[in-house]
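Numbering (our numbering), first residue to last: 112 to 555. For each residue, glycine too, the CB sits at the ideal point set by N, CA and C. Scroll down for the structure; my scribbles are underneath it.
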């Protein structure tokens with residue numbers, strides 16, 4: 112890819128603002144693991160990525176140990192008291208309904224109603240996000256303070272939803288490169304009005320996919336998927352596992368990338384994949400301090416991608432990790448938590464990870480002994496004290512281009528960022544002084 116290593120600040124800010132605008136457009140849509148909300152979301156991204164394709168997998172389809180469930184769609188839901196006053200209304204927040212609720216239209220007394228109410232005693236003013244995908248039930252989610260204030264009496268519970276055979280929908284975009292080796296980018300599209308834990312990932316992935324599509328000299332192939340969480344990745348793996356195991360050299364799950372509090376990563380199961388090493392290097396070089404979690408603390412689709420027998424080299428690069436910030440899975444995970452600045456920062460980090468992966472390889476000098484750089488215009492022809500200082504980094508890179516170190520190992524050995532080593536290697540390749548290998552030479 113011939114894109115500059117660092118995006119100018121003004122352009123980066125514009126990307127952050129654009130991603131936030133996309134998130135604002137998508138925030139009101141009620142998404143779940145199936146249904147029209149997913150399709151509406153994917154159609155929105157097709158306007159940004161015209162080659163994004165939508166795939167439908169029928170309910171009842173077996174995918175490893177899982178079965179695609181019935182499709183769920185909802186149009187209206189509310190809870191009224193005997194006076195006809197609406198206590199809870201889906202129109203006010205799509206978090207108010209237990210996601211995947213079966214349809215209901217009944218009167219219940221206060222005691223019986225309580226079994227169908229969900230709230231957070233330790234966050235009494237927030238609406239929780241609660242799901243019940245694989246067990247039929249109905250319910251409403253509401254602030255705990257409101258729940259406790261409900262008096263005795265009868266309540267009219269109405270949920271106008273369809274839970275019936277249909278299909279699961281996912282989106283896929285493949286950007287071919289010069290080689291079949293692939294980088295996988297995966298993101299979730301199954302949460303309703305949740306900003307950081309949901310929408311930050313898809314809008315980030317769309318922005319990265321658009322940037323990649325604009326690079327006309329891609330070496331690697333990029334596979335970009337928008338999936339319902341868990342069941343979506345299980346289904347996708349069940350359809351493509353052999354090809355993914357054969358071609359994917361690195362991958363990232365893009366989730367929780369919108370706040371400004373921190374950066375973090377979840378490595379793959381063994382913790383030493385190419386994706387892990389690149390992510391650690393970029394985070395150290397670009398942001399310094401970041402939080403790294405143990406795979407024992409996993410919780411997203413890395414569970415599927417890194418499971419035994421699948422073993423894809425997939426890591427997660429995030430801002431605040433899912434489950435660690437107070438707004439997680441509540442109505443407070445809104446568009447005030449996700450900011451253009453937060454999105455832009457994570458975009459820059461992930462973009463750098465892809466840039467390093469694109470240039471990854473094992474570099475080997477083509478001459479014995481130190482090459483004469485002066486005749487190539489790469490070294491001062493007048494030797495005075497301090498004249499070599501400006502090219503010392505390049506000389507150090509040359510000194511360790513023995514074909515035994517990949518790009519990250521080479522950069523760390525010479526104490527530089529891989530992002531700064533890449534242009535040096537490109538210059539040396541242009542002059543025929545270094546060659547790139549896909550693997551270490553025999554015996555290295």
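Top-ranked residue by Cα proximity to residue i, from the options
{"i": "residue 394", "options": "376, 324 and 297", "result": "376"}
{"i": "residue 556", "options": "154, 419, 458 and 334", "result": "Here the chain comprises residues numbered 112 to 555, so residue 556 is not present and cannot be evaluated."}
{"i": "residue 288", "options": "324, 314, 273 and 280", "result": "324"}
{"i": "residue 505", "options": "146, 118, 145 and 525", "result": "525"}
{"i": "residue 236", "options": "225, 227, 259 and 247", "result": "259"}
{"i": "residue 328", "options": "155, 470 and 514", "result": "470"}
{"i": "residue 367", "options": "198, 349 and 309", "result": "309"}
{"i": "residue 228", "options": "194, 528, 257 and 247", "result": "257"}
{"i": "residue 286", "options": "298, 176 and 164", "result": "164"}
{"i": "residue 435", "options": "412, 238, 204 and 408", "result": "408"}
According to DSSP, residues forming a beta bridge with residue i
{"i": "residue 227", "result": "Answer is none; residue 227 lacks a bridge partner."}
{"i": "residue 133", "result": "Partner(s): none; residue 133 has no beta bridge."}
{"i": "residue 556", "result": "Nothing about residue 556 can be read from this structure; the chain reaches only from 112 to 555."}
{"i": "residue 429", "result": "375"}
{"i": "residue 361", "result": "294"}
{"i": "residue 474", "result": "547"}
{"i": "residue 393", "result": "Answer is none; residue 393 lacks a bridge partner."}
{"i": "residue 200", "result": "189"}
{"i": "residue 219", "result": "266"}
{"i": "residue 208", "result": "251"}
{"i": "residue 419", "result": "In DSSP, residue 419 forms no bridge with anything."}
{"i": "residue 513", "result": "475"}
Check whether residue i and residue j have beta carbons under 9 Å apart
{"i": "residue 461", "j": "residue 311", "result": "no"}
{"i": "residue 218", "j": "residue 267", "result": "yes"}
{"i": "residue 210", "j": "residue 241", "result": "yes"}
{"i": "residue 275", "j": "residue 182", "result": "yes"}
{"i": "residue 549", "j": "residue 473", "result": "yes"}
{"i": "residue 346", "j": "residue 179", "result": "yes"}
{"i": "residue 295", "j": "residue 206", "result": "no"}
{"i": "residue 410", "j": "residue 433", "result": "yes"}
{"i": "residue 404", "j": "residue 437", "result": "no"}
{"i": "residue 467", "j": "residue 519", "result": "yes"}
{"i": "residue 427", "j": "residue 301", "result": "no"}
{"i": "residue 337", "j": "residue 281", "result": "yes"}
{"i": "residue 441", "j": "residue 144", "result": "no"}
{"i": "residue 272", "j": "residue 212", "result": "yes"}
{"i": "residue 446", "j": "residue 131", "result": "yes"}
Any non-hydrogen atom of the ligand SAH closer than 8 Å to residue i Cβ
{"i": "residue 169", "result": "As for the ligand SAH, it is missing from this structure, which has no ligand bound."}
Expected contact under 8 Å - CB spacing of residue i and residue j to nearest Å
{"i": "residue 306", "j": "residue 138", "result": "7 Å"}
{"i": "residue 361", "j": "residue 344", "result": "The pair is not a contact, with the Cβ atoms about 17 Å apart (cut-off 8 Å)."}
{"i": "residue 215", "j": "residue 185", "result": "Not really, about 11 Å apart at Cβ, beyond 8 Å."}
{"i": "residue 463", "j": "residue 397", "result": "6 Å"}
{"i": "residue 293", "j": "residue 334", "result": "5 Å"}
{"i": "residue 65", "j": "residue 449", "result": "The first residue shown for the chain is 112 and the last is 555, placing residue 65 beyond what the model contains."}
- [ ] Tell me the start and end of each unbroken beta strand (DSSP E) in the stretch 308-343 that is at least 3 residues and wholly inside, in chain order.
- [x] 332-338
Open item on the list: In chain order, what are the residue ranges of uninterrupted alpha helix (DSSP H) at least 4 long that sit wholly in the stretch 244-297?
Closed with: 255-260
TODO: Counting only runs of 3+ residues fully inside the stretch 521-553, write out the beta strand (DSSP E) ranges in chain order.
DONE: 545-548
Task: Minimum length 4: unbroken alpha helix (DSSP H) runs contained in the stretch 143-197 - done: 147-159
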